[in-house]
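Numbers 828 to 1405, taken from the numbering used here, label the letters of the sequence shown in order.
One structure below.
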Amino acid sequence: MFTKLRGKIKSVINNLIDGSNSGNKLLELSEERYKTLIDNSKDIIYSCDKNGLFTAVNKQFLYLIKIHYYDIIGKKLSNLICKKDYYIKWEEAIQKVIKTEQMIDMEFKVDENAIYNVTISPVFDNKNNVVGITGTNYDITEIRKSESIIKHMAYYDNLTGLHNRAYFFDRLNKHIQISKEKSKKLVVIFIDIDDFKRINDSLGHTVGDELLKLVAKRLQLSIRKGDTIARISGDEFSIVINKIKNVNESIHIIEDILKVFEVPFNVQNSLINITISIGASVFPDDGKSAEELLRNSDIAMYKVKESGKNFYRYFDINMKNELLRKMKIETMLVNAVENEEFILHYQPQYDVRSKKICGLEALIRWNSSELGFLNPMEFIAISEEIGIISKIGEWVLNRACNFAKKINNEFGTNIVIAVNISPIQLRQGDFYNIVTKIIDKIGISPCNVELEITENICIDDFDYAINILKSLKKYGVRIALDDFGTGYSSLSYLKKLPIDMLKIDKSFVDEISIDGSQNDLTETIISLAHKLGMKALAEGVEDQFQYDYLEKSGIDIIQGYLLGKPMTESAIEKELSL
Ligand code: C2E
Ligand code: CA
Ligand code: CA
């Protein structure tokens, strides 16, 4: 019985011993797993005792410090690293946590390639006394790098490396603030490359991009230190000229910028000549906010474009009013056809020999309900720009042909109706079909319809224009060359174009004077027309002297205030019934 009991006790003890053994093993295993986890962490993990001496570090720590494990344990960070100032902030943080018993979370930068988020927490024993710290350094270098790339993208233009629009506004606002405080002036310059679209279209976008980069470089070199330059969009750049006492100071800078473009650009071994248009606005005179200043310098730039490009202009308030008016006209024009706001006036053309009306030129009139009577030159140009000239042109042709057919029927006349055709109309849609359809539908004879074209109809695509005109001529309509002598006329154009009549521009007629100095020119044009088998018409004849001279010189047809101003349909009918 005793032995039995002894045996049982022994087995219990053994079990106990075994049990404690397996308990230790479990603990060891768990510590091992824990260590592996910590060692495999990409973060730097460490613990220190109360005095800041290392008690444990993970592999990542060793990798960073490049010192053997056993040479670290029992040392302070400051003992380990010779470039002490590199790590001084880290060491200080460890000491601070031990002292204050508070956790610290901070960012610290060793260099551009090593930026850490450092978290250090105090470790307490079961009596709540600090016995040391544990720390984790988390590498945030990549995060910071991508943040700075994003920031760069937000502030800089990718293509040229100049600042972008957003940053430009930011800076401009700051400059405005400073100028306000110091009572200084500031100039905002708006630069646009002339005909950049044409370069892009003809030479390709790669060349266009290269050119923009070179332009950016040149512009950057031409500004003063402290001035801001940015690419606003596409081929538009803007510069802020700071702290100037008077506007004259900025004129020199602008003129220098223009000069910089006198030298051609070398893009992929070919030389490209470009010019720029510059608009400028002045703070505080032309605007108080960044938006207003940029907008007004843009308006001034636009004015330069209108008056021939390759120059600069400073904003003035009239420019803005003009632009507002233009925008108003644009919106009103869009609905003018539907709203039946246009009418046609007709100016008689007299056959010099028969002394009878042989033709009528249809001239459009727009009496806008809001803007009143508008000059056709003004709104025709705008409708060309916004692309509704074809629609208006169709309306004109339709109305004019209807009227011509009506009066020829009524009065038994053989009057030719002359209709002005914009160069844009010829390029838009199927011009041949549009014209022939209208004429066929109305049932007027094509030879009673004359299309007045100008020489610049051929500038863009001579062959295209000439083919359409030839087909129309074959169909039977007549072609007149308007404003002759003011455009690109060359004899070779004249020979190739299927023209029935030359309309000698008013400016030549104006020169006909009693002293006779310029008269030769008109005579020459008339005989040239005749030699080429065309008729000659003189426009804008206002006095009897001009009339007599032209008649003597062999002119065929005369049009002008002397014989009749443009008039309404009923006035023409009255005239014909006399
Ligand atoms: P244009 O085709 O050269 O038309 C002649 C212009 O000279 C007309 O001005 C006419 O009224 C004016 N005029 C005629 N005789 C005399 C004169 O003896 N003295 C003076 N001082 N002026 C004279 P308007 O009607 O203001 O037209 C101006 C321009 O607008 C036209 O010049 C033409 O280019 C354009 N236009 C007019 N109607 C149309 C149209 O229906 N379609 C297109 N595309 N353009 C049009
Ligand atoms: Ca005309
Ligand atoms: Ca004319």
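By construction, the Cβ of each residue, glycine as well, lies at the ideal position given by its N, Cα and C atoms.
- Inside the stretch 854 to 932, DSSP marks whole beta strand (DSSP E) runs of 3 or more residues at positions 871 to 876, 881 to 884, from first to last along the chain.
- In terms of side-chain proximity, the C-beta atom of K1401 is found no nearer than 8 angstroms to any non-hydrogen atom of ligand 3.
- Closest in alpha carbon position to M1394, among I1353, L864, A1227, is A1227.
- Taking all protein chains in view, the Cβ of S1065 is crowded by 16 or more other Cβ atoms within 10 Å, so the residue is classified as buried.
- Per the Cβ contact rule, the stretch 1211 to 1221 is in contact with the stretch 1145 to 1161 (3 or more Cβ pairs under 8 angstroms).
- In the structure shown, L1329 adopts extended strand secondary structure according to DSSP, grouped into three states.
- When rounded, the separation of the alpha-carbon atoms in S1340 and S1181 is 25 angstroms.
- Ordered along the chain, residues surrounding ligand 2 are E1188, N1247, E1279, D1309 [Cβ under 6 angstroms from any heavy atom].
- One alpha carbon belongs to V1094, the other to N944, and they sit about 47 angstroms apart.
- Rounded to the nearest angstrom, the Cβ distance from I1265 to A1189 is 13 angstroms, too far for a contact under 8 angstroms.
- Inclusion of S1249 in the 8 angstroms shell around ligand 1 follows from its C-beta lying nearer than that to a non-hydrogen atom of the ligand.
- Residue environment: L989 is assigned as buried (16 or more neighbouring CB atoms within 10 Å of its CB, all protein chains considered).
- Taking a cut-off of 8 angstroms for Cβ pairs, the stretch 1356 to 1365 and the stretch 1132 to 1145 do not touch, as fewer than three such pairs fall below it.
- At a threshold of 8 angstroms, D1332 counts as near ligand 3, since its beta carbon sits closer than that to one of the ligand's heavy atoms.
- For E1133, the three-state secondary structure derived from DSSP is helix.
- Rounded to whole angstroms, the Cβ separation of L1299 and V1262 is 6 angstroms, and the two are in contact under 8 angstroms.
- In this structure, the alpha-carbon of T1313 lies about 9 angstroms from that of I1331.
- Contact between F1142 and A1127 holds: CB atoms are separated by about 4 angstroms, below the 8 angstroms threshold.
- Rounded to whole angstroms, the Cβ separation of L1278 and L1324 is 12 angstroms, and the two are not in contact under 8 angstroms.
- The beta carbon of K1153 sits closer than 8 angstroms to the beta carbons of I1209 from its chain, once the five residues preceding and following it are set aside; these are given in chain order.
- Among the bridge pairs identified by DSSP, A941 is matched with D938.
- Spanning the alpha carbons of E858 and A1057 requires a straight line of approximately 60 angstroms.
- The three-state secondary structure of D1337, taken from DSSP, is helix.
- By the 16-neighbour rule on beta-carbons within 10 angstroms, I970 is exposed.
- Excluding five sequence positions before and after D952, the CB atoms of its chain that fall closer than 6 angstroms to its own CB belong to V958, given in chain order.
- Membership of L1190 in the beta strand (DSSP E) is indicated by the continuous run 1183 to 1195.
- When the Cα atoms are used, A1107 and I1099 turn out to be separated by approximately 26 angstroms.
- In this structure, ligand 1 has no non-hydrogen atom nearer than 8 angstroms to the beta-carbon of G1256.
- Each residue's CA atom was taken as its position, placing S1124 and L1013 some 12 angstroms apart.
- Here the alpha carbon of Y861 sits roughly 10 angstroms from the alpha carbon of E855.
- In this structure, S1104 keeps its C-beta atom at 9 angstroms or more from the C-beta atom of N1145.
- Taking a C-beta distance under 9 angstroms as the contact criterion, I967 and E934 qualify as a contact pair.
- V1336 and K1301 have their C-alpha atoms some 32 angstroms from each other.
- Note that the C-beta distance between D1083 and S1049 is below 9 angstroms.
- Residue state for M1361 is assigned as coil, using DSSP reduced to three classes.
- DSSP lists E1279 as the beta-bridge partner residues of N1247.
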